[in-house]
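Trainee: Here's a structure for you.
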C-alpha cells in the first residue's frame, strides 16, 4: 500500500505545484505537444520530455517524503531501499541556488539546455 500511496502523494504534490505555478503550464504543454507529435506516446518520447522531467524532479525536491525514525542497532534486511538526509541536501543553497524557491526548469538549466 505504501508504494502506491507514495506515488499518489508525489502526483498530488506535482499537481499542487503546477496549480501554484501556472506559468509552467504553457511551456510544459508546448513541449509535450511537440514531442508527442513527433514521437507519439512512446518510451523514447518520454525521454525527450526534459521540462516535464525537470518539473517533476523539482516538485519532489521540494515535497519529498517526510522524516523517518530509525532506532540505533535497527537491522535493515537485504533488499530494502532506504534514503538518507534528503531535505538538508535539497534545501542547501550551495547545491541548489535559491533552494527554497520553485524553479520548475532548474534541472533542464543545470544541464545547460534552456530550450
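Numbering (our numbering), first residue to last: 27 to 141. Where is the CB? At the ideal position from N, CA and C, for every residue including glycine.
Distance check for residue 56 and residue 127, CA to CA, integer angstroms please.
Mentor: Here the question's residue 127 lines up with position 101 in the chain shown. Here the question's residue 56 lines up with position 30 in the chain shown. Roughly 24 angstroms separates the two Cα atoms.
Trainee: With a threshold of 6 angstroms on Cβ separation, who are the neighbours of residue 140 within its own chain once the five nearest residues in sequence on each side are excluded?
Mentor: Along the chain shown, read from residue 1 onward, the residue named residue 140 stands at position 114. Because residue 140 sits at a pLDDT of 46, beneath the cut-off of 50, its placement in the model cannot be relied upon, and the following sentence gives the value as read from the coordinates. Cβ neighbours of residue 140 beyond the five flanking positions: none.
Trainee: For residue 33, which of helix, strand or coil comes out of DSSP?
Mentor: For this step, residue 33 is matched to residue 7 along the chain shown. It is helical.
Trainee: Between the Cα of residue 132 and the Cα atoms of 105, 103, 88, 110, which residue gives the shortest distance?
Mentor: Reading the chain shown from its first residue, position 106 is the one you call residue 132. With distances taken between Cα atoms, residue 132 lies closest to 88.
Trainee: Put residue 112 into one of helix, strand or coil per three-state DSSP.
Mentor: Numbered from 1 along the chain shown, position 86 holds the residue referred to as residue 112. In the structure shown, residue 112 sits in a helix (DSSP, three-state: H, G or I).
Trainee: If you draw a straight line from the C-alpha of residue 103 to the C-alpha of residue 44, how long is it?
Mentor: The sequence position of residue 103 within the chain shown is 77, counting from 1. The sequence position of residue 44 within the chain shown is 18, counting from 1. If you take the alpha carbons of residue 103 and residue 44, they lie about 38 angstroms apart.
Trainee: What does a CB cutoff of less than 8 angstroms around residue 71 pick up in its chain, not counting 5 residues either side in sequence?
Mentor: Position 45 of the chain shown, counted from the start, is the residue given in the question as residue 71. Result list for residue 71: 61, 62, 64, 65, in chain order.
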